[in-house]
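These notes are about the structure you will find just below.
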Amino acid sequence: MTAPLLGYVERPGLLHTLTGTSKLVLTIAMVLAAMISFDVRFLATLGVLSMFGWALSRVRLRDLATVLWIILTFMVLNNLLIFVFAPGYGSELLGARHVVVEGPGRWDLTQEQLFYQLAVTLKYFAMLPAVLLFVATTRPPEFASSLHRIGVPYKVAFAVSLALRFIPDIQRDMRTISQAQQARGLDISRKVGLVTRVRNVVSTLMPLLLGSLDRIETVSSAMELRGFGRGRRRTWYDVKPMRLRDWSTILGAAAVVAASIVMVVVDGGRYWNPFGA
Numbered sequence: 025m026t027a028p029l030l031g032y033v034e035r036p037g038l039l040h041t042l043t044g045t046s047k048l049v050l051t052i053a054m055v056l057a058a059m060i061s062f063d064v065r066f067l068a069t070l071g072v073l074s075m076f077g078w079a080l081s082r083v084r085l086r087d088l089a090t091v092l093w094i095i096l097t098f099m100v101l102n103n104l105l106i107f108v109f110a111p112g113y114g115s116e117l118l119g120a121r122h123v124v125v126e127g128p129g130r131w132d133l134t135q136e137q138l139f140y141q142l143a144v145t146l147k148y149f150a151m152l153p154a155v156l157l158f159v160a161t162t163r164p165p166e167f168a169s170s171l172h173r174i175g176v177p178y179k180v181a182f183a184v185s186l187a188l189r190f191i192p193d194i195q196r197d198m199r200t201i202s203q204a205q206q207a208r209g210l211d212i213s214r215k216v217g218l219v220t221r222v223r224n225v226v227s228t229l230m231p232l233l234l235g236s237l238d239r240i241e242t243v244s245s246a247m248e249l250r251g252f253g254r255g256r257r258r259t260w261y262d263v264k265p266m267r268l269r270d271w272s273t274i275l276g277a278a279a280v281v282a283a284s285i286v287m288v289v290v291d292g293g294r295y296w297n298p299f300g301a
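To convert, count from 1 in the sequence shown and add 24; that's our numbering.
Structure, rendered in structure tokens:
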């Protein structure tokens, strides 16, 4: 069976043994720290920590290969667009200009621009692995209970849990519908033209959309019949007790955010400027 596009991956890793609450706090801390600081030294350290966490989780790259390729494509496209529309922003930001390659018009490649875009790229490596690992190592019910434990209303937490739980189902339905349509002669491969391929893909997506709406109606009716939402509070089946390793993780998350704030104070701003300006 094909692995889900994005969802829980069963592995005997250390992160799987942590509670959803501690992993959620750590993920939020990594994202906040990467957003606060533009110091490439600090961002590189966060990236190394994210890679170390990935190794501890034992989640393989091929388990999330599709999502990783999408992120990589977006990262490259983002860097290209930054250079196209703001090729001199790095020099303006850092107050210096050292040309590496002279380009046409205003598109000179400078050390400052490369340095700025390096910081932007490092933000991807600092934040996204933590987010992906949280989703890949946390079951949807545990995710919902962890959201509720940090103060999110249980209705919102349950909605997020349902959304994550439906991702593998939608992917499976998409594969089944696509195979059925291809058996009827609808070709979505590169052998046909782009217009024909788009039309055939739309013919595949429409049954998927209608089936998803029908599933949503069924689930909402079942929840309403069971009285979901009538009480102010609710209990959770998949809740792990907080242990020493969880409190240590939360303490480490707080230290990461504190370090990002300290770096801003030390650098005199969000950016570390090695060009002496």
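Ideal placement from N, C-alpha and C gives every residue a C-beta, glycine not left out. From a predicted model like this one, the values you see are computed outputs, not experimental measurements.
Leaving out five residues on either side along the sequence, give the residues of the same chain with a beta carbon under 8 Å from the beta carbon of residue i.
i	result
residue 41	269
residue 260	165, 168, 169, 172
residue 178	168, 172, 257, 258
residue 190	236, 239
residue 117	136, 140, 295
residue 267	43
Counting along the chain, where does the alpha helix (DSSP H) carrying residue i start and finish?
i	result
residue 108	89-109
residue 295	No alpha helix (DSSP H) holds residue 295; DSSP gives it neither H nor E.
residue 280	268-291
residue 220	218-249
residue 179	178-207
residue 47	44-60
residue 116	113-118
residue 73	64-81
residue 259	Residue 259 -> no alpha helix (DSSP H), and no H or E assigned at all.
residue 324	No information on residue 324 is available, as it lies outside the stretch 25 to 301 that the chain covers here.
residue 39	38-41
In chain order, what residues of the same chain lie with their CB nearer than 7 Å to the CB of residue i, ignoring the 5 residues before and after it?
i	result
residue 356	Because residue 356 is not part of the residues shown, which for the chain are 25 to 301, the question remains open.
residue 227	205, 210
residue 62	143, 294, 295
residue 291	63
residue 51	154, 155, 158
residue 147	58, 67
residue 273	42, 46, 50
Bridge partners of residue i, per DSSP?
i	result
residue 134	123
What residues in its chain sit with their C-beta under 6 Å from that of residue i, if we drop five residues either side in the sequence?
i	result
residue 121	115, 134
residue 45	170, 173
residue 66	287
residue 264	43
So, under 8 Å CB-CB, residue i and residue j are touching, yes? Tell me the CB distance rounded to an integer number of Å.
i	j	result
residue 99	residue 145	6 Å
residue 136	residue 299	6 Å
residue 154	residue 77	7 Å
residue 158	residue 70	Not quite, the Cβ-Cβ distance comes to about 15 Å (not below 8 Å), so this is no contact.
residue 54	residue 150	7 Å
residue 156	residue 88	6 Å
residue 109	residue 141	Not really, about 12 Å apart at Cβ, beyond 8 Å.
residue 95	residue 138	Between residue 138 and residue 95 the Cβ distance is about 21 Å, and since that is not below 8 Å, they are no contact.
residue 207	residue 83	Not really, about 34 Å apart at Cβ, beyond 8 Å.
residue 232	residue 197	6 Å
residue 39	residue 80	6 Å
Taking 9 Å as the CB-CB cut-off, is residue i touching chain D?
i	result
residue 276	Among the protein chains of the structure shown there is no chain D, as only one such chain exists.
For the ligand NAP, any of its heavy atoms closer than 8 Å to the Cβ of residue i?
i	result
residue 244	The ligand NAP is absent from the structure shown, which contains no ligands of any kind.
At a cut of 8 Å, does the region 48-63 reach the region 277-288 through at least three beta carbon pairs?
Segments in contact, yes.
Would you say the region 113-130 touches the region 32-52, given that touching needs at least three Cβ pairs under 8 Å?
Cβ pair count under 8 Å is below three, so no.
Decide if the region 87-106 is in contact with the region 173-191; the criterion is three or more beta carbon pairs, one per stretch, under 8 Å apart.
Contact fails: fewer than three Cβ-Cβ distances are below 8 Å.
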